[in-house]
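Shown next, in structure tokens, is the structure this report addresses.
Number of protein chains: 2
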Amino acid sequence: MKSIDVCLTPDLMPLYKVQDRTIVVVDILRATSCMTTAIAFGVHSITPFAKLEDCLAMKAMDYFTAGERDGKKVDGFDLGNSPFEYMHESLRGGKIAFTTTNGTQAIARSVGADEIIIGSFLNLSAVSNHLRQIQNNILIVCAGWKGKFNLEDTLFAGALVEMMKDQFEPECDAPLAALQLYQCAKTDMHAFLQNSSHVKRLARLNVVEDVKFCLTLDKYDVVPVMREGEIKKL
Amino acid sequence: MKSIDVCLTPDLMPLYKVQDRTIVVVDILRATSCMTTAIAFGVHSITPFAKLEDCLAMKAMDYFTAGERDGKKVDGFDLGNSPFEYMHESLRGGKIAFTTTNGTQAIARSVGADEIIIGSFLNLSAVSNHLRQIQNNILIVCAGWKGKFNLEDTLFAGALVEMMKDQFEPECDAPLAALQLYQCAKTDMHAFLQNSSHVKRLARLNVVEDVKFCLTLDKYDVVPVMREGEIKKL
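Chains as they are written, first to last, in this note's numbering: chain F, 1 to 234; chain H, 1 to 234.
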């Protein structure tokens, strides 16, 4: 039986082997939800950058630039970290250079994997359908918050473990905990997350609609995949 | 209101401030359960060592030596990692040099805290009574398994968060997750942990009775505390 594992924060990535694995990177609030939305709306590619200045420099190459730190759009960038910004017709066929507090860092730590795909609740079933067709073991990498564990990414991991459990065996305790937490939360994830640190943080920033949207299941039937440094539709 | 936080594995300790905190170190299976038992049975002190050879060298200083790696007692040591070994009359008043796969590493990473105490289900209420009397914020440090998250230490963290929640506010998502998991598990922790990686590992080593014992609540009314490198009864 193939195995499924969960890395609860990018800071634990040195403990995991990435070779020969398919990695699913998740940053529910909101990087991978934005990426999924952008790819669903016809963006040509998304190039993740760890550093703000490297990302902003891509403006000169006719990229749209997306920059977020601490939940807020950074001055000088075209786009922030709200999925609603990625639904515009003007982005269709365009290239986006993207940097966020946690999500792009999680992607950077996943380099070396056989395959890196972008997961969110918005494309949960599309991701799970893809994973059923591959031979690799799976590692879900939660973006967390500045290296620490967060609830919303762990819930996504639990949802995916639940969907895959007939074919993939949990490798250690992290997927078991994620599954248990998801089973507690799934009837009303929004209510479950009301006390979570990032939902509170975003409520202060008035992005309550973003949170609701990012917790919507299976809005888009796309699997964004990273190849040669660019995220594109599979 | 004072705060309570949970560090899910020692590998995440660089993200946490330890100064001015009381740290509760937990390694349910089985280091901190053994330490609690030993102190309850009248051992004078326990000195934790990260390295096997440093620990073994203490034999020359009339210490009992306790050494465990990968769940098994190490050749040449007097004691292993079963709490039942620490109930012998011969240990009363003695000094123990102690090294384990995870527990002593978690203690080493906690150095610098205002206070370090040893927690287990065996002394849960004693620990919580002590914490009610102090002014510090609390950080629970889970020993995990070789840097990774584990369920049993997280359940202990959740139990302590539950007991303290009238006086201490969860600082981020880790204590919320631990609390939720404990609430799922508490009616039958043994059953809940049957699929956990370490309980399976120990079952293979035939230490099923150890696991049952380590999940017993409030067997001992002692608070082992670390001072100047030694763990003693408070």
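For every residue, glycine included, the Cβ atom is placed at its ideal position computed from N, Cα and C.
Span of the alpha helix (DSSP H) around H:LEU202: Taking the first residue of the second sequence as 1, we reach residue 202 of chain H at position 202. It spans 197-204 - the alpha helix (DSSP H) in which H:LEU202 sits, taken as one unbroken run.
Beta-carbon proximity of H:ASN102 to H:ALA143, cut-off 7 Å: On the second sequence, position 102 is the one that residue 102 of chain H refers to. On the second sequence, position 143 is the one that residue 143 of chain H refers to. Going by C-beta atoms, H:ASN102 is nearer than 7 Å to H:ALA143.
Other residues of its chain near H:ASN136: CB distance less than 8 Å, five sequence neighbours each side excluded: Against the second sequence, residue 136 of chain H aligns to sequence position 136. For H:ASN136, the CB contacts under 8 Å within the same chain, skipping 5 residues up- and downstream, are LYS2, ASP20, ARG21, THR22, ASP114 and GLU115 in chain order.
Beta-bridge partners of F:ALA108, as assigned by DSSP: Locating residue 108 of chain F in the first sequence gives position 108, where the first residue counts as 1. According to DSSP, F:ALA108 bridges with nothing at all.
Helix, strand or coil at F:VAL225 [DSSP, three-state]: As a first step, residue 225 of chain F is located in the first sequence; it is residue number 225 there, counting from the start. In the displayed model, F:VAL225 falls within a strand according to three-state DSSP.
Under 9 Å by beta carbon: chain H residues contacting F:SER197: If you number the first sequence from 1, residue 197 of chain F lands on position 197. Per Cβ cutoff of 9 Å: PRO170, GLU171, CYS172, ASP173 and LEU176.
Check whether H:LEU215 and H:PHE121 have beta carbons under 7 Å apart: Against the second sequence, residue 215 of chain H aligns to sequence position 215. Against the second sequence, residue 121 of chain H aligns to sequence position 121. Between H:LEU215 and H:PHE121, the C-beta spacing is below 7 Å.
Sub-7 Å separation of H:LEU139 and H:TYR16 beta-carbons: On the second sequence, residue 139 of chain H is found 139 positions in, with the first residue counted as 1. On the second sequence, residue 16 of chain H is found 16 positions in, with the first residue counted as 1. In this structure, H:TYR16 lies closer than 7 Å to H:LEU139 by Cβ.
C-beta contact flag for H:LEU193 and H:LEU124 at 7 Å: Against the second sequence, residue 193 of chain H aligns to sequence position 193. Against the second sequence, residue 124 of chain H aligns to sequence position 124. The answer is no: Cβ separation not under 7 Å.
Beta-carbon proximity of H:GLN133 to F:CYS184, cut-off 7 Å: Position 133 of the second sequence, counted from the first residue, corresponds to residue 133 of chain H. Position 184 of the first sequence, counted from the first residue, corresponds to residue 184 of chain F. No; because the gap between Cβ atoms is not below 7 Å, this pair is not in contact.
Minimum Cβ-Cβ distance from F:ASN137 to chain H less than 7 Å: Locating residue 137 of chain F in the first sequence gives position 137, where the first residue counts as 1. Judged by the 7 Å Cβ criterion, F:ASN137 is not in contact with chain H.
Contact the region 190-207 of chain H vs the region 161-177 of chain H: 3+ CB pairs below 8 Å: Here the region 190-207 of chain H makes no contact with the region 161-177 of chain H; the two share fewer than three CB pairs at distances below 8 Å.
Residues that H:ILE79 bridges to, as DSSP identifies them: Counting from one through the second sequence, the residue named residue 79 of chain H turns up at place 79. A small correction: the amino acid at residue 79 of chain H is Leu; Ile does not occupy that position in the sequence shown. Per the DSSP secondary-structure output, H:LEU79 pairs in a beta bridge with H:ALA66.
Closer than 9 Å at the beta carbon, the chain F residues around H:THR100: As a position in the second sequence, residue 100 of chain H is number 100, starting the count at 1. Simply none; closest approach about 18 Å.
Alpha helix (DSSP H) runs wholly inside the region 118-179 of chain F, at least 4 long, in chain order: Counting whole runs of 4 or more residues, the region 118-179 of chain F contains the alpha helix (DSSP H) stretches 124-132 and 151-164.
Under 9 Å by beta carbon: chain F residues contacting H:PHE149: For the purposes of this step, residue 149 of chain H is taken as the residue at position 149 of the second sequence. Per Cβ cutoff of 9 Å: VAL6, LEU8, LEU12, PHE149, CYS172, ASP173, ALA174 and ALA177.
Cα-Cα separation, H:ALA174 to F:ALA203: For the purposes of this step, residue 174 of chain H is identified with residue 174 of the second sequence, where counting begins at 1. For the purposes of this step, residue 203 of chain F is identified with residue 203 of the first sequence, where counting begins at 1. C-alpha separation (whole angstroms): 19 Å.
Proximity test, Cβ basis, 7 Å: F:CYS184 and chain H: For the purposes of this step, residue 184 of chain F is taken as residue 184 along the first sequence, with counting starting at 1. With 7 Å as the cut-off, F:CYS184 counts as an interface residue toward chain H.
Segment contact, 8 Å Cβ cut-off, at least three pairs: the region 85-92 of chain H with the region 226-233 of chain F: Short answer: they don't touch.
Neighbourhood of H:LEU52 by C-beta distance below 8 Å, restricted to the same chain and skipping five residues each side: Sequence index remark: in the second sequence, residue 52 of chain H carries index 52 (1-based). Exclusion of the five residues before and after H:LEU52 leaves GLY67, ARG69, VAL74 and THR99 as the residues of its chain whose Cβ lies within less than 8 Å of its Cβ.
Local conformation of H:THR36 per DSSP, three classes: Your numbering for residue 36 of chain H matches position 36 in the second sequence. In the structure shown, H:THR36 falls within a helical segment according to DSSP collapsed to helix, strand and coil.
Sequence-distant residues of its chain with Cβ nearer than 6 Å to H:GLY158 (five each side left out): As a position in the second sequence, residue 158 of chain H is number 158, starting the count at 1. Taken in chain order, the residues that qualify are ALA178, LEU179, LEU181 and TYR182.
Proximity test, Cβ basis, 7 Å: F:GLN105 and chain H: The residue given as residue 105 of chain F occupies position 105 in the first sequence. No, no contact with chain H.
Below-7 Å beta-carbon distance, F:GLN19 vs any chain H residue: In the first sequence, counting from the first residue as 1, residue 19 of chain F sits at position 19. Answer no: the Cβ-Cβ gap between F:GLN19 and chain H never drops below 7 Å.
Under 7 Å by beta carbon: chain F residues contacting H:GLN180: Position 180 of the second sequence holds residue 180 of chain H. Residues of chain F whose Cβ lies closer than 7 Å to the Cβ of H:GLN180 are, in chain order, LEU181 and CYS184.
Anticipated Cβ contact below 8 Å, F:ALA126 with F:TYR220, distance rounded: Here residue 126 of chain F is taken as the residue at index 126 of the first sequence, counted from 1. Here residue 220 of chain F is taken as the residue at index 220 of the first sequence, counted from 1. Correct: roughly 7 Å between the Cβ atoms.
Contact list for H:THR154 against chain F, beta-carbon separation under 9 Å: Sequence index remark: in the second sequence, residue 154 of chain H carries index 154 (1-based). Chain F residues near H:THR154: ASP173 and ALA177.
Close-in-space but distant-in-sequence residues of the same chain around H:LYS59 (CB under 6 Å, 5 per side omitted): The residue given as residue 59 of chain H occupies position 59 in the second sequence. The answer, listed in chain order, is THR65.
Collapsed DSSP secondary structure at H:LEU98 in the structure displayed: Residue numbering aside, residue 98 of chain H sits at position 98 when the second sequence is read from its first letter. Reading the sequence as shown, one finds Phe at residue 98 of chain H and not Leu. Note: H:PHE98 maps to strand in three-state DSSP.
Buried or exposed (CB count within 10 angstroms, at least 16 for buried), F:THR36: Here residue 36 of chain F refers to the residue found at position 36 when the first sequence is read from its first residue. Counting Cβ neighbours within 10 Å, F:THR36 comes out buried, since at least 16 surround it.
Sheet register partners of H:GLU85 (DSSP bridge): Start at 1 with the first residue of the second sequence, and residue 85 of chain H comes out as number 85. Beta-bridge pairing links H:GLU85 to no other residue.
Any C-beta of chain F under 7 Å from that of H:HIS215: Indexing the second sequence from 1 puts residue 215 of chain H at position 215. Per the sequence presented here, residue 215 of chain H reads as Leu, with His not at that position. Not closer than 7 Å to any Cβ of chain F, the Cβ of H:LEU215 fails to qualify, so no.
Per DSSP, the bridge partner or partners of F:VAL24: Numbered from 1 along the first sequence, position 24 holds the residue referred to as residue 24 of chain F. DSSP lists F:ILE117 and F:ILE140 as partners of F:VAL24.
Chain-ordered chain H contacts of F:LEU205 [CB-CB under 9 Å]: Position 205 of the first sequence, counted from the start, is the residue given in the question as residue 205 of chain F. Within chain H, no residue comes near F:LEU205; the closest Cβ sits about 17 Å away, beyond 9 Å.
Endpoints, the beta strand (DSSP E) within which H:LYS2 is located: If you number the second sequence from 1, residue 2 of chain H lands on position 2. That run of the beta strand (DSSP E) goes 2-7.
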